[in-house]
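A short worksheet on the structure shown next.
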Amino acid sequence: MNILLSNDDGIDSPFLRILAEVISENHDVVVAAPAKEQSWIGKAMSRSGSVQLEEVASFPYLAYKLTGTPSDCVNIALEHLCIETPDAVVSGINVGHNAGLSFIASSGTIGAALEGALQRLPAIAASMYLDPEQFKAIGESENPLTKQMENHVRAAAKIIVSCLKDIIKAPTAPYGIVHSFNFPCRDIEKARIVKARAARTISRSLFNRQGNSFQFEYHPLETMNSEEASDRELIHGGDISHTVINFNSLDNTT
Numbered sequence: 002m003n004i005l006l007s008n009d010d011g012i013d014s015p016f017l018r019i020l021a022e023v024i025s026e027n028h029d030v031v032v033a034a035p036a037k038e039q040s041w042i043g044k045a046m047s048r049s050g051s052v053q054l055e056e057v058a059s060f061p062y063l064a065y066k067l068t069g070t071p072s073d074c075v076n077i078a079l080e081h082l083c084i085e086t087p088d089a090v091v092s093g094i095n096v097g098h099n100a101g102l103s104f105i106a107s108s109g110t111i112g113a114a115l116e117g118a119l120q121r122l123p124a125i126a127a128s129m130y131l132d133p134e135q136f137k138a139i140g141e142s143e144n145p146l147t148k149q150m151e152n153h154v155r156a157a158a159k160i161i162v163s164c165l166k167d168i169i170k171a172p173t174a175p176y177g178i179v180h181s182f183n184f185p186c187r188d189i190e191k192a193r194i195v196k197a198r199a200a201r202t203i204s205r206s207l208f209n210r211q212g213n214s215f216q217f218e219y220h221p222l223e224t225m226n227s228e229e230a231s232d233r234e235l236i237h238g239g240d241i242s243h244t245v246i247n248f249n250s251l252d253n254t255t
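Its first residue numbered 2, the sequence shown is counted upward by one per residue in the numbering used here.
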C-alpha cells in the first residue's frame, strides 16, 4: 500500500513518528504534516498568504513539513508531492481524543482525513485519549513518551494498519467518508474495536475573558445523555471506538 500520512499536532509529534514507523515496515509512506501544532482548526485552508514547504531529512522516507493547516498539507501532498496517488490518507495519531460531535467538527486531525476523503480516497483519523496529567506531560517534556506510552501508541498504530487494509478493500465508495478511531491509553492489545455513534456533546465557553481580551481555555464538554454506544463512553470504558463519519448523509432529507 501507498499511504499519505498527516496530523494536526505537527511534524515533531512522537505519535506521528511511531505511526509512520509502523506503516513503513510493510508499506510505502509519504508524510506531509504542519510545521507547528494546528489543533482545533478543523478543515481550514490557507486562502491568504503562501504555504512554505521543507523536506525533513530525519525521516527515513519522504517527509515534508508545511507552514499551512492539516488540510493544506494533504491537498498539497496529493496534488504536488506524491509520485503516485496514495491508496489511503491516514491522519494521526492525535495527542488526545476526538470523540463527540464538538471535537469531530473542530479537529484538524479529522479535517486532514476529510480532505483525502473528498478526493475519493479511503481516509482514517486516529486519536488517543489521554488523562490531563499525560496530556500535560507530553506537551511540556522534551522526552515526552514513557516506554509504556510508546508501547500503547505502537499497539494503536498496528491496529490502524490492520483496519486500513479492510477499509481499502471495502466495496463501498470512499467519497466523503472518514473512519474515526479513538483509542484508550491502556491495554490496547486487549481492547475491543466497537462501531460507535458520536456522542452528542454540548459546546460551552472555551475562552477566558480578561477585559476585552479572550484566551482559549479548554473546559470539559457536557454530554446530552449517557450513551453506552457512544465513542466517548467506549474509550472511557477501555474500548476502541470506530465512528464512520459519512458526509454524504448531509443531504439526507428523510
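All C-beta atoms in this analysis are idealised placements derived from N, C-alpha and C, irrespective of residue type, glycine included.
Rounded distance between the beta-carbons of residue j and residue i, thought under 8 Å
i, j, result
"GLU116", "ASN152", "No, GLU116 and ASN152 are not in contact; Cβ-Cβ is about 31 Å, not under 8 Å."
"LYS44", "GLU55", "Not really, about 23 Å apart at Cβ, beyond 8 Å."
Close Cβ partners of residue i (< 6 Å) along its chain, the five nearest in sequence each way excluded
i, result
"ASN209", "GLN216, GLU218"
"LEU20", "ILE94, ALA158"
"ILE42", "THR70, GLY109"
"THR68", "ALA36, VAL52, GLN53"
"LEU63", "VAL31"
"ILE189", "HIS153, ALA156, ALA157"
"LEU131", "GLY97, CYS186"
"PRO61", "none"
"ASN183", "HIS98, ALA100, SER128, ASP232, ILE236, SER242"
Where residue i falls: helix, strand or coil (DSSP)
i, result
"ILE4", "strand"
"GLY97", "strand"
"GLN53", "coil"
"ILE19", "helix"
"ALA200", "coil"
"VAL214", "Note that residue 214 is Ser in the sequence shown, not Val. Strand."
"SER163", "helix"
"LEU115", "helix"
"ASP29", "strand"
"ALA106", "helix"
CA nearest to the CA of residue i, picked from the options
i, options, result
"GLY109", "PHE248, SER7, SER214", "SER7"
"VAL195", "GLY239, ALA64, ARG205, PHE16", "GLY239"
"VAL91", "ALA156, PRO133, GLU134, ALA34", "ALA34"
"LEU122", "GLY101, LEU102, ALA89", "ALA89"
"ARG18", "PHE184, LYS191, VAL96, ILE236", "VAL96"
"ILE125", "PRO87, SER103, ALA58", "PRO87"
"GLY177", "ALA100, SER250, LYS170", "SER250"
"ALA200", "CYS186, ASP232, PHE184", "ASP232"
"ASP9", "MET2, HIS28, SER72, SER49", "SER72"
"LYS148", "ILE105, ASN3, PHE16", "PHE16"
Contacting residues, own chain, Cβ-Cβ under 7 Å from residue i (five flanking each side not counted)
i, result
"CYS83", "LEU5, VAL31"
"VAL245", "ILE178, HIS180"
Residue i at chain B interface by Cβ criterion, 9 Å
i, result
"VAL31", "Any reference to chain B falls outside this structure, which holds one protein chain only."
Residues of its chain near residue i, where Cβ-Cβ distance is below 8 Å and the 5 sequence neighbours each way are ignored
i, result
"ALA78", "LEU5, SER7, VAL31, ALA33, TYR65"
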